[in-house]
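Encoded as structure tokens, the structure appears first; notes follow it.
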């Protein structure tokens, strides 16, 4: 009897110690707002992990007296679109500038030993090692300017690149930006508004996929065509077109930028796909492989950036995916939408490269940039089916160009609709349906106009309407209006 009581006492003590540790962390950092339901690659959240540790210990001791342990069972019955309303903030960890009022404080991340953080001992990127102090200057929108680097340019004036950091944004994951210093002043004044991730829709589970050499994403609930699956803000924005990023100097800038992020974010980054002999090479390659490209306008100049999105990077590639995405250049937030109905447990895939290329060219690019041979169902088709698909894609490109210069015939429109549906390319399906709506509008067949206009909008919205020309967008809006009727 005494032994049973002792076991119960040990379990309760461990649970109280874990909970007390989390409460103390929040007390010293009251301004951190990290959702307790936000997933990392290895843990659901700190509190749940702590509870599970007690649960495992209890089972190991075979305690005679059962202790009620609150385990989150709702995951197995969750519905798409449910948001966390009562989630309490848990501070994942504290770094030198996680208080927005600490303007000008030195940034230092010290070695971290914690049961909640895996060691970087066996990783090329030693994220839990001490880094040097950095003097920070408050810039805008909670971002601080850290180190700037002067890169000699033999042909022009030297180029300077600066690191901007905000460790409290994005629900505590932080966000780091590397930008040419000449754009520094206008970076936020021109409308860049990076914000926290929206509430988790709980539609995505990250799981191990050994057959694909790592991890992947599956649907956590049934998803309907056109549904919003995920929205996520970047933890890093990096220019990538300049030659500097292929040099050791550029590799070092990228690694130092990642070093500014909270430790928990660095830990997640260390598990992303990447390779290299040292930490600079690993981080730079990781950025190249995992970034999603976008742009931002500064003083009328379009700057190309690549964003790192921790959860989105876990979606594997398919040449005929079931998920498409677009990135808002104002917020740099990525939006994922379903191309078709997706069942629970079904893998979620996105296109890593343009679907307008023939199969051989597409596979070559995937091998060159991402280092893998595509084995999706489309690439595993017979040679005859691949040849037919390549011919249809070439025809889609041709019909798309023809539709911009003149009106397509009825037979061409029917062909456009048929093969764009077979090839599963939203851009072409949107254009085919818009042309059909315009054609039937000219014939006065109003009942068909709205049918095709709505399909055009559905397909266009999968990529945020980014493929529409201003004229097409205007025509579509008129055709969808209550009294929609395009003038001849």
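Numbering (our numbering), first residue to last: 33 to 520.
Even glycine gets a Cβ: it sits at the ideal position worked out from N, Cα and C.
- For the 8 Å CB-CB criterion, residue 317 and residue 307 form a contact.
- In the DSSP assignment, residue 376 falls outside any beta strand (DSSP E), carrying neither H nor E.
- For residue 364, no alpha helix (DSSP H) encloses it, and the DSSP letter there is neither H nor E.
- If you draw a 10 Å sphere on the C-beta of residue 494, you find 16 or more other C-beta atoms in it, and that means buried.
- Segment contact: the segment 319-335 against the segment 234-254, fewer than three CB-CB distances shorter than 8 Å; contact not assigned.
- Comparing C-alpha distances from residue 428 to each of 444, 413 and 438 shows the shortest one belongs to 444.
- Between residue 235 and residue 253, the C-beta gap is smaller than 8 Å, which places the two residues in contact.
- Excluding residues up to 5 positions away in sequence, 381, 382 and 383 lie with their Cβ nearer than 6 Å to the Cβ of residue 353 in the same chain.
- Our two residues, residue 361 and residue 485, have alpha carbons roughly 26 Å apart in a direct line.
- Per the C-alpha coordinates, the member of 182, 267, 328 and 488 positioned closest to residue 452 is 488.
- Where residue 412 is concerned, there is no enclosing alpha helix (DSSP H), because DSSP gives it neither an H nor an E.
- Classified as buried, residue 229 has 16 or more neighbouring CB atoms from the shown chains inside 10 Å of its CB.
- Excluding five sequence positions before and after residue 480, the CB atoms of its chain that fall closer than 8 Å to its own CB belong to 468, 469 and 472, given in chain order.
- The three-state secondary structure of residue 201, taken from DSSP, is coil.
- Of 193, 237 and 288, the smallest CA-CA separation from residue 217 is found for 193.
- Secondary-structure assignment with DSSP links residue 291 through no beta bridge to anything.
- Here the segment 393-406 makes no contact with the segment 278-290; the two share fewer than three CB pairs at distances below 8 Å.
- For residue 502, the uninterrupted alpha helix (DSSP H) segment begins and ends at 502-512.
- Residue nearest to residue 293 within the set 370, 201, 242 and 491 is 201 (criterion: CA-CA distance).
- CA-CA distance, residue 356 to residue 458, rounds to 8 Å.
- Straight-line spacing of the CA atoms in residue 244 and residue 324 works out to 20 Å.
- Going by C-alpha positions, residue 305 is about 13 Å away from residue 341.
- Boundaries for residue 440: no beta strand (DSSP E) harbours it, and the DSSP string shows neither H nor E there.
- Excluding five sequence positions before and after residue 454, the CB atoms of its chain that fall closer than 7 Å to its own CB belong to 424, given in chain order.
- With respect to residue 422, residue 387 sits apart: the two C-beta atoms are not nearer than 8 Å.
- Here the alpha carbon of residue 338 sits roughly 43 Å from the alpha carbon of residue 474.
- Here DSSP, grouped into helix, strand and coil, assigns residue 338 to strand.
- Membership of residue 212 in the beta strand (DSSP E) is indicated by the continuous run 207-212.
- Taking 8 Å as the cut-off, the Cβ atoms of residue 213 and residue 197 do not count as close.
- With fewer than 16 other CB atoms across the displayed protein chains lying within 10 angstroms of its CB, residue 417 is exposed.
- Shown here for residue 173: same chain residues with a beta carbon closer than 6 Å to its own, the five before and five after excluded, namely 220 in chain order.
- Cβ neighbours of residue 490 within its own chain (closer than 7 Å, five residues either side excluded): 258.
- Bounds of the beta strand (DSSP E) holding residue 264 are 260-264.
- Judged by DSSP secondary structure, residue 479 falls within the alpha helix (DSSP H) whose first and last residues are 478-493.
- By alpha-carbon distance to residue 263, the top candidate from 411, 312 and 358 is 358.
- In the structure shown, residue 256 adopts coil according to DSSP, grouped into three states.
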